[in-house]
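Notes follow the structure.
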Amino acid sequence: MAENIEKKVDLIVIGAGLAGMAATIFAVENGLTTIQVGSSVGEMLFASGALDLLGIHPVEQQKEWLDPWAGVSTLSRDCPKHPYALLGLESIRRAMDQFVDFLENAGLSYRGWPEGNALLPTCAGTIKITYRVPQTMWPGVTGFKQKLPALIVDFQGMKDFSARQMVETLGSRWPGLRSRRLDFTRQVPGVDRDNALMAEALNSQEVRTDLAGAIRPLLQGAELVGIPAVLGLRESEAFAADLEGQLGVPVFEIPTMPPSVPGIRLKEAMEQALRSRGANLVAGGRAVSVNTERRCCVGVVVQQGAYQETLEAEGIVLATGRFLGGGLDASRTVIRETLLDLQVHQPERREAWHRPHFLDPRGHPVNRAGLEVDELFRPVGSDGRSAFENLFAVGSVLAHQDWMRMKCGAGLAISTAYGAVQSFIHRRG
Ligand SMILES: Cc1cc2nc3c(=O)[nH]c(=O)nc-3n(C[C@H](O)[C@H](O)[C@H](O)COP(=O)(O)OP(=O)(O)OC[C@H]3O[C@@H](n4cnc5c(N)ncnc54)[C@H](O)[C@@H]3O)c2cc1C
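The numbering of the sequence shown is the working numbering, which starts it at 1372 and goes up by one.
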């Protein structure tokens, strides 16, 4: 573990997914000394890079909300236990604005309509409803809205991305789309089969110039070019501008299947900006236990490699995710919270976890299992009291939400992180 890390801080954040990152950002922006402990295996590296706020509610009706704020109001009324209902519109709005501002300062610009959701073309040829999209994807949103004639390209050998499929599926909603397949580059063996390697290769001006040279003769009247989201691991906006300059038309990135380069960019930009603001990130560290005294958490035992150490803080934010992140674990009969064995809201019997049909549009009761929290985002026990005075829970580990079907993943992670950090600050006085 880093020698220079402070061993006693205001806040320890456990988890390095979007919720843990957001909690660390809000803590640092509020001047709190903060340690974040987390490994990087989480849902974020699978995420498209777009930030959803609320797209669908009620899920059984698949009702889409172009105005996410009206959707959040309705959801809060219909499902008063959804974490959004604990926050209120103003807090959610502040959280999203502050988070997007932080990303802008970290060198990653996000775009969206002032009040509305955006409709983002995906590689499957579907249209994703989302709130804020990386700058490099924005021309795809406006191009789809205006139905500009566009060329979609993909690369020979690339897995899970077919420009042709995208055009065939989306063509009826976006006439004037064409597809072409290109050889990516012959310079690095295997590069055309790995999103991250392609992104690295595009750091080279020579490779970008080759790519522009291959696309130019195919334009044939296209006013927009869509390419898989591999435009560099870091300077994607500059690289998109470079291609646009060479082609004379806007270029947009299309989210790929995992592993997602925009997800990697997001994580790296946040980590770098947090380090430069003095946050202690114990990357690759794992919280193995939490020391408690009566109703307070007093220390977190952190393992990094063979090394173990106890870190102390006034407050702890649990942002450990669900089953994929490892915050929840399901045995044959019960779902448990993995670190403190906190009470998990879940169906009473295993048979009630799932509905009979796997693809039931309502989802499954197990999707809404998780930690119930009080109005300060502290996990509660069976008596409804907070389990610990200074323990807060945020993100997808929370109960009464189904981020995947509601299209509210990032909004939930960011706004609950904001709520928990505000609660910590107010409680401390
Ligand atoms: C395929 C896919 C696509 C997605 N697309 C989108 C999208 O387009 N838009 C959107 O808004 N959202 C999207 N999401 C959802 C979004 O990524 C999640 O909602 C969000 O990542 C949840 O964040 P989280 O931090 O709560 O959980 P996670 O991302 O799971 O993070 C939890 C973290 O905690 C760590 N952890 C667990 N236990 C410990 C411990 N004991 N000690 C230390 N660390 C620990 C885990 O390793 C992990 O890094 C997508 C998710 C997936 C899987």
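Every residue, glycine too, gets a C-beta built ideally from N, C-alpha and C.
Taking the Cβ atom as the reference point for each residue, do residue i and residue j lie within a distance shorter than 8 Å?
i	j	result
residue 1503	residue 1481	yes
residue 1624	residue 1600	yes
residue 1759	residue 1663	yes
residue 1798	residue 1747	yes
residue 1605	residue 1579	no
residue 1476	residue 1644	yes
residue 1766	residue 1528	no
residue 1460	residue 1443	yes
residue 1333	residue 1431	In this structure the chain extends from 1372 to 1800, so residue 1333 is not present and cannot be described.
residue 1555	residue 1526	yes
residue 1732	residue 1433	yes
residue 1379	residue 1577	no
residue 1778	residue 1416	no
residue 1790	residue 1462	yes
residue 1776	residue 1427	yes
Confirm the yes/no value for this check: CB of residue i, any heavy atom of ligand 1, distance under 7 Å.
i	result
residue 1815	Absent from the structure is residue 1815, since the part of the chain shown begins at 1372 and ends at 1800.
residue 1693	yes
residue 1774	yes
residue 1629	yes
residue 1458	no
residue 1575	no
residue 1446	no
residue 1482	no
residue 1729	no
residue 1786	no
residue 1780	yes
residue 1423	yes
residue 1791	no
residue 1408	yes
residue 1623	no
residue 1598	no
residue 1386	yes
residue 1426	no
Who are the Cβ neighbours of residue i in its own chain at under 7 Å, not counting the five residues just before and after it?
i	result
residue 1470	1393, 1396 and 1785
residue 1708	1698, 1699, 1715 and 1742
residue 1437	1487 and 1488
residue 1610	1573, 1579, 1602 and 1603
residue 1640	1474, 1477, 1478 and 1479
residue 1787	1390, 1454, 1748, 1765, 1766 and 1769
residue 1667	1759, 1760 and 1761
residue 1545	1515 and 1518
residue 1736	1718, 1723 and 1724
residue 1753	1714
residue 1447	1453, 1455 and 1456
residue 1701	1694
residue 1512	1489, 1490, 1491 and 1504
residue 1646	1652
Return the chain-ordered list of same chain residues with a C-beta closer than 6 Å to the C-beta of residue i, the five sequence neighbours on each side being excluded.
i	result
residue 1398	1382, 1405 and 1792
residue 1551	1524 and 1589
residue 1681	1670 and 1672
residue 1519	1594 and 1595
residue 1408	1385, 1653, 1656, 1658 and 1673
residue 1660	1672
residue 1717	1706 and 1740
residue 1598	1524
residue 1532	1494, 1525, 1599 and 1627
residue 1570	1601, 1603, 1604 and 1632
residue 1738	1773
residue 1744	1750 and 1764
residue 1757	1745, 1749 and 1751
residue 1685	1381
residue 1547	1520
Give the C-beta separation of residue i and residue j to the nearest angstrom, bearing in mind that I take them to be a contact with Cβ-Cβ under 8 Å.
i	j	result
residue 1454	residue 1771	7 Å
residue 1652	residue 1614	Rounded, the Cβ-Cβ distance is 33 Å, inconsistent with contact.
residue 1704	residue 1721	6 Å
residue 1587	residue 1618	6 Å
residue 1521	residue 1553	Between residue 1553 and residue 1521 the Cβ distance is about 15 Å, and since that is not below 8 Å, they are no contact.
Taking Cβ positions only, does residue i come closer than 8 Å to chain B?
i	result
residue 1531	The structure shown contains no chain B; it is built from a single protein chain.
Please list, in chain order, all residues of the same chain as residue i whose beta carbon is under 8 Å from its beta carbon, the five residues on each side excluded.
i	result
residue 1796	1401 and 1403
residue 1410	1387, 1654, 1655, 1656 and 1657
residue 1429	1449
**Request:** Could you say if the region 1707–1714 and the region 1681–1698 meet the contact criterion of at least three C-beta pairs nearer than 8 Å?
**Result:** Enough Cβ pairs lie closer than 8 Å, so yes.
**Message:** With a threshold of 8 Å, are at least 3 pairs of Cβ atoms found where one atom belongs to the region 1613–1633 and the other to the region 1481–1495?
**Reply:** When C-beta atoms of the region 1613–1633 are compared with those of the region 1481–1495, three or more pairs fall below 8 Å, so the two segments count as touching.
**Prompt:** How about the region 1626–1646 and the region 1564–1571: do they share at least three Cβ pairs that are nearer than 8 Å?
**Reply:** Yes, since at least three Cβ pairs between the region 1626–1646 and the region 1564–1571 fall closer than 8 Å, the two stretches touch.
**Asked** Is it a yes or a no for the region 1495–1511 touching the region 1414–1433, going by three-plus beta-carbon pairs under 8 Å?
**Response** Contact check between the region 1495–1511 and the region 1414–1433: three or more CB pairs, one atom from each, fall below 8 Å, which counts as touching.
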